[in-house]
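What follows is a short report on a single structure.
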Amino acid sequence: MLQDQEVHAAEFERTFIAVKPDGVQRGLSHRNCGVMRCGNHSTTILQPPMRDAISEIISRFERKGYKLVGIKVVVPTKEFAGKHYHALKDKPFFNGLSEFLSSGPVVAMVWEGEGVITYGRKLIGATDPQKSEPGTIRGDLAVVVGRNIIHGSDGPETAKDEINLWFKPEELVSFTSNAEKWIYGVN
Ligand code: GDP
Ligand code: MG
């Protein structure tokens, strides 16, 4: 019965999620690629153990019911990486961290949905993969803290700052997905 159903007013928020260079390389590195020859053509194919981290991460957010509203592949400069991690500038690992983030392609994304900032962090798991629960992205796919493959904003203010740092407003889209009324129970 309709009156038994909670009419849910969805409160969308946005968070910044990035597949760090280690996550990108885990998916696309040469050692994980094979070359398939067919006539005169050769095609690079992705073979096991190549459960590539980019699609795995995207799919975990998507399956949950969150919506991708911005995505791009960038190699940030070290200065830019330092801006991204400015809150950690006094940590002993700050220099290495900034260097690492700028060492290769990063898949920068903005995800939207109710509770996506906090729940996104749950999907990601604890900072140190040794402490991340199995079932989380870091718990399942990473081993050490310096190579934990993914970044996610830790609160509404950082989400706003990080989205503004990485994306121009026109690089983000607003749309209603067909699935939304089934995810949120609103029209
Ligand atoms: P996050 O929000 O879970 O990513 O964690 P933080 O904001 O505290 O740290 C940012 C990133 O710095 C982490 O994702 C790690 O890659 C790295 N990091 C944090 N703590 C350490 C540490 O003790 N050693 C090293 N090498 N890297 C760290
Ligand atoms: Mg953080």
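Numbered according to our numbering, the sequence shown spans residues 239 to 425.
Cβ atoms here follow ideal geometry from the backbone N, Cα and C, with glycine treated the same way.
Mark residue i as exposed unless 16 or more other C-beta atoms lie within 10 angstroms of its C-beta, in which case mark it buried.
{"i": "W226", "result": "Examination of residue 226 is not possible in this model, given that the chain is present from 239 through 425 alone."}
{"i": "S340", "result": "buried"}
{"i": "S267", "result": "Its pLDDT being 46, under 50, S267 is placed unreliably by the model, and the measurement read from it follows with that caveat. Flag for S267 reads exposed."}
{"i": "F331", "result": "exposed"}
Out of curiosity, what's the CA-to-CA distance linking residue i and residue j?
{"i": "V311", "j": "L361", "result": "21 Å"}
{"i": "Q368", "j": "A380", "result": "8 Å"}
{"i": "A256", "j": "G308", "result": "11 Å"}
{"i": "V382", "j": "L410", "result": "32 Å"}
{"i": "I300", "j": "I292", "result": "It is Glu, not Ile, that sits at residue 300 in the sequence shown. The straight-line gap from Cα to Cα measures roughly 12 Å."}
{"i": "Y304", "j": "E352", "result": "8 Å"}
{"i": "N386", "j": "Q263", "result": "12 Å"}
{"i": "R298", "j": "W349", "result": "12 Å"}
When DSSP builds the beta bridges, which residues end up paired with residue i?
{"i": "V344", "result": "V312"}
{"i": "V189", "result": "No answer is possible for residue 189: the residues shown for the chain start at 239 and end at 425."}
{"i": "G351", "result": "E251"}
{"i": "T374", "result": "P372"}
Kindly list the residues whose CB is nearer than 8 Å to the CB of residue i, restricted to its own chain and excluding five residues on each side of it in sequence; keep chain order.
{"i": "T374", "result": "K360, L361, I362, G363, A364"}
{"i": "A397", "result": "E251, R252, T253, F254, I355, S391"}
Please find out if some non-hydrogen atom of the ligand ADP comes closer than 7 Å to the beta-carbon of residue i.
{"i": "V354", "result": "The ligand ADP is absent from the structure shown, which contains only the ligand GDP and the ligand MG."}
- request: May I ask you to verify whether the region 310 to 327 touches the region 338 to 349, counting CB pairs closer than 8 Å and requiring at least 3?
  value: Two segments are said to touch when three or more pairs of C-beta atoms, one from each, lie closer than 8 Å; by this definition the region 310 to 327 touches the region 338 to 349.
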